[in-house]
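Heads up, the thing below is written out as structure tokens.
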Amino acid sequence: MIVTTRSEITAFIQAHLSPPAGLTFYSSLESVRRDAMTLGYTSVLERAWAEIKINGALCLNGRPLLYVKEHGRSFSSFERVRLQRLVWNQGVANVLVLADPESVYIYSGLTEPPGDKGDEGVATGGLVEMMTLVDYTQRIKQFSHALATGHYYEVHQECFQPEQSVDSWLLNNLRALRDAFIKGEDALTTKDAHSFIGRMLFLCYLLDRRIISVGAPDRHSTGTMTLVRKLELLDDQSRMEFLYTLFADLKCRFNGNMFDQDIEAERHRMSGSHIETLIQFLGGHSVANGQRTLGFWPYDFKMIPIETISAIYQDFLSTEDEESQRRSGAFYTPRFLAEMVIDVALGENHDSLNWSFLDPACGSGIFLVILFNRLTNHWLRTQPTRVHYSTKADKLQEILRNQIFGVDVEETACRIACFSLYLAYLDFFDPPDILQYIEKTKKPLPKLLDYGANASDRPSADLPVIHKANFLAGEALAGKTFDCIIGNPPWEGRQGKQLAQKFVEAAPSFLQQDGIGCLLLPSKMLQNQTNAFQGKWLVRVTLEKVLQLADYSFLLFQKALCPAVITRFKNVPPDVYRHEVEFVAPKFNREGLRQGVIIVDPSARVRIPMVDILSATKSNTAPVIWKRHLWGTRRDQKLLDLLQSLPALSEQIDVLSELRRHRSERTKRWISGQGIKPWPLAKTKSDRDLKPIAWPPDTPFIEATEWNSDLFVLKGDAITLEERLKKKSYRTDVLYSQPPSELFRAPIVLVSQGFGKVAYCDFDVLFQDSLQSIAGPEEDRELLMFLAAFLRSGLARYFLFHTSANWGSERDKVHLSELLRVPFPLPTDDSVAQDAEGIVEQVARQIQELRNEPNDGSADYLPLADATPARARETSFRRRKNVEALQEKLNVLIYRYFGLTEQEISLIEDTTRVFEPSSTPTTWRSPQTVTLDPLESTNVKPYSTDGLRVYAETLSSTLNRWAISEGSQHLVKADAASDNQTGLAVVAVRLEEDRSAAGAAALSKQLTEILADAYMHSSKKDGMLFYRRDLFLFQSDQILIVRPNILLNWTRTAALNDAAKIYGEISLGRKRA
């Protein structure tokens, strides 16, 4: 598309031309086309210049953040609404700045369009700020800083709502339309509904781009709106006739695989009610209830990027055969994720734009569309002059023929992939050229779909780009190899071998030597028990990069059953002893997502030696290697190494199921196993002999769902076995599974499935298989009390959070095998405190004292079964509160038992109070995501009272302790301050003659701007990933540390890691000197 731009630059645009580091302001389309950085967004920017008539765009490493449009007269309210609607439809730049001679209006691209009335009240919808031209001009640099860091979105969060983005709205509207089509007396099949809707989307695109016309549209009206007005004037029969005549004409003129179906047969399945529903949808009404949703048709398909349409339409695949899709694990890939996979695959290798690409499970074709757009824009950038239509068409078809390949077993997916590629293809041509070319050459769109050798009744492909075939069965592309295999292969559920694993194993056979594989995979392929697979695969290919997206799993990939990782590997064996895998585990950050990037903080990026991973596969601990680096910092790795070197709990416990599997005898101190499995009254057949119940009906029974407290269980918490069996409609004479009685004989420690609750019990009690016990002899009563307190402690939670497969990455669940890995040296072990036995006695005594605490004259807590509901709640609340208070005291004793230092305790407390609650948020604004709290407003101890001073004191005290240990006479003091305008915090470390408490650093406006510039300059954007780097400014008399003012960056854990970094730099400087 050729778009002319104004050659002159006004003073207002000139004021934008010196943005902060990391940002680029493009004042013309020519400057965009010259910069290779904008390759992924060239088409988007061309459309913005052509349709919105922007005067400039502010980009963060090529991705548009802000559009600027200047007007020589005042903007009317109607005009402002129309322009905001266009930006919203495009869904890329989040901010629109409209400037007239007196005022500046800042609009959000993440707020749904306000309507089409054009009055001033409506025009404020999506309006973030309004100010004078002078005020805005003075704030441009500060404003740009806030956009680059994401601070602006956080301050105005009510105006930037991701759920109001164009793709969210369109996806919901299309789902409602589809659901309406497949319900009622004249319901269509889901396949027919999708086929019709896909064709309508193609029609809307052609109409809105004015490639075809059904009548002259009104000013500022779209072709789709014109179609609706035309249909509203016709009766049911005429509407049907009009639409299907139009479809037949499109089939003749455009040919492509969107029209392979028997359209005439489909017409007879359609009814007047279906067309009426379509008109409601296109008219902006709510299809579900007939009410107007936005009050108008908000969409303009000439603005919506093809990648967005393709990604949205893939969601439909999950409902064509929902159960089949769930079994096969084929899930909707958001555009955001697809872009990220491609960015990781291509990296900064410019030769990659000459590669051939294969998507082995292409779905809607989202990966192929993005690649096609990038490859085409790259070719266009190399052309010195405007390219003639036929030359361009030949080259684009050459790209399709030689560089783009897709395979899928589902025909609907293949057809949608073709549809997506057709739209992408047409998007590179101006409407008059398209019609003239077709008319002149009589060449419609090429058929791209190869139905396979056994589909003689289907049309053959002109360009076999998409293949209906089973990639794993080798049904297509036999003998071919590619430069890059990319995509999102289907996943299976939590059980069994992952289907994605088979794609990974097959990929090297289709890759050229040194070819690149880059796949979006379930994280369980690395974090679950896949040691054998990893051991074989990792010596066959060189795994270069793993991008662990667990912390974004509930927000980016909501329908998948587990978190995702992006893996990039080269088809060549690794140099095992020298190669390191780049492991990147970004933590959730709202500001980054609003900019369309994922922010990677320095602590989230490490390199793991391949030799360590392969060594771990041999000891069946490879999943622990990956998990330890998800949230664990360098200092955490040292503590985890120490803890893993201690005797594990498993050394004291025989697991019943393992004894049965290996037909072994008991050899250890304690025994562990699951509870009984009752047999439902409704069941008749069993796969084993049912066992007569060995216990009396009045035997105490603990219900897991009614468990009211941790740490200890009271007799009043139990009901009888008979009550439980009758309550749940189980048989009272037999059990499906009846473990040995010793599992239920006191003293025991009860652990709920998933490690949700732990409690000591000093009486014999039965429980169901959702609980498991650790049982020992009477002489170990105190030690088992200590074990219960330890398993509830911050230390145990810290260890399990960093080493168990699911906790902090998927579900808060710990498997028994993982629980048994916790360190648990006995009091006689040399690794624990000298007074370890006394600590055990002290812990047991305090638990017993609380257990026996008088309550209303009784010798025990009031049995809940005998209390009124109000009294029961009051007792439970008081008991929990007392237990929590006691556990805080016991934690101190447990830390002393293990000989932990103050620094190690800080690591534990940061993990349990900050990192663990913040992991895997389920909503954008979850109150649990305390890592994003500004230091001055967090409720997390100790930061809630001392803020940045906690970091500053930890940093200075750690450095001073090391200095004193080396006999240095120099001490340091750290002062801290934050800046609301930039959202940054600064800590200044300087030499002092004596030690003094941290104070407030002085920050001038000029200094904050300089530091903000330096911080942005130190960071780097790599595609959809924005790598923040720690900024340490070493000056003659001080060190300045600069980061965003969020808790994640300024914990005691961060201070300990920073102290090591600063000390290392100083030591290195001494050696160089």
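Just so we're aligned, residue 15 is where the sequence shown starts under the working numbering, counting upward by one.
We put the beta carbon where it would ideally sit given N, CA and C, even for glycine.
Asked	Found
Burial state of G1024 (16 or more Cβ within 10 Å)	Checking the displayed sequence, the identity of residue 1024 turns out to be Ile instead of Gly. Exposed, because fewer than 16 other Cβ atoms sit within 10 Å of the Cβ of I1024.
The segment 394 to 405 in contact with the segment 416 to 434 per 3-pair CB rule at 8 Å	no
Cβ neighbour criterion (16 or more within 10 Å) applied to I499	buried
Endpoints, the beta strand (DSSP E) within which E506 is located	It is not in any beta strand (DSSP E) - E506 carries neither H nor E in the DSSP assignment.
For E950, three-class secondary structure by DSSP	helix
Cβ-Cβ distance between K691 and L749 below 8 Å	yes
Selection from N484, V518 and R415 that minimises the alpha carbon distance to D476	R415
Cβ-based burial, V95 [other Cβ within 10 Å; buried from 16]	buried
V169 - containing alpha helix (DSSP H), residue span	H165 to V169
Contact between the segment 555 to 566 and the segment 591 to 600 (3+ Cβ pairs under 8 Å)	yes
3 or more residues per run - each beta strand (DSSP E) lying fully within the segment 555 to 580	556 to 562
Where A991 falls: helix, strand or coil (DSSP)	strand
Spatially closest choice to Q28 from L97, T146 and T151, by CA coordinates	T151
The segment 516 to 524 contacting the segment 490 to 506, beta-carbon criterion three pairs below 8 Å	yes
Same chain, Cβ closer than 6 Å to I1076, neighbours up to 5 away in sequence not counted	none
Of the listed residues V101, D149 and G1083, nearest to E116 (C-alpha basis)	D149
K83, DSSP secondary structure in three states	strand
DSSP bridge partner residues for D422 (one or two, in chain order)	K482
Segment limits, beta strand (DSSP E) that includes E278	Element bounds for E278: not the beta strand (DSSP E) but the alpha helix (DSSP H), I277 to R283.
Test item: CB-CB of V443 and P374 under 8 Å	The identity of residue 443 in the sequence shown is Phe, whereas the question assumes Val. No. Outside cutoff.
Given 8 Å, three or more beta-carbon pairs between the segment 946 to 962 and the segment 1052 to 1061	yes
V479 to R283 span [Cα, whole Å]	31 Å
Where the alpha helix (DSSP H) through C218 begins and ends	T204 to D222
Cβ separation of R1042 and V614, assumed to be a contact under 8 Å, to the nearest whole Å	7 Å
Cβ-based burial, A1069 [other Cβ within 10 Å; buried from 16]	buried
Status (buried if at least 16 other CB within 10 Å, exposed otherwise) for R341	Residue placement at R341 is poorly supported in this model, since its pLDDT is 45, which falls under 50; the coordinates are not used for a value here.
Spatial distance of P941 from N585 (CA atoms)	44 Å
Nonlocal neighbours in the same chain, by C-beta distance under 6 Å from L973, ignoring five residues either side	V986 and A1073
Three-pair Cβ contact test at 8 Å for the segment 640 to 654 versus the segment 832 to 848	no
R349 versus D357 - alpha carbon distance	12 Å
Inter-residue Cα distance where the pair is C173 and S1018	30 Å
Which of helix, strand or coil DSSP assigns to A490	coil
Closest by C-alpha distance to G689, when choosing among K955, G466, T291 and I716	I716
Local Cβ density within 10 Å of G343, reported as buried at 16 or more and exposed below that	Interpretation of G343 is limited by its pLDDT of 41, a score under 50 that renders its predicted location unreliable; the figure taken from the coordinates is listed afterwards. With 16 or more Cβ atoms within 10 Å of its Cβ, G343 is classed as buried.
Complete beta strand (DSSP E) runs within the segment 803 to 856 (minimum length 3 residues, chain order)	none
Residue from A708, E60, I733 and N186 whose Cα sits closest to the Cα of A718	I733
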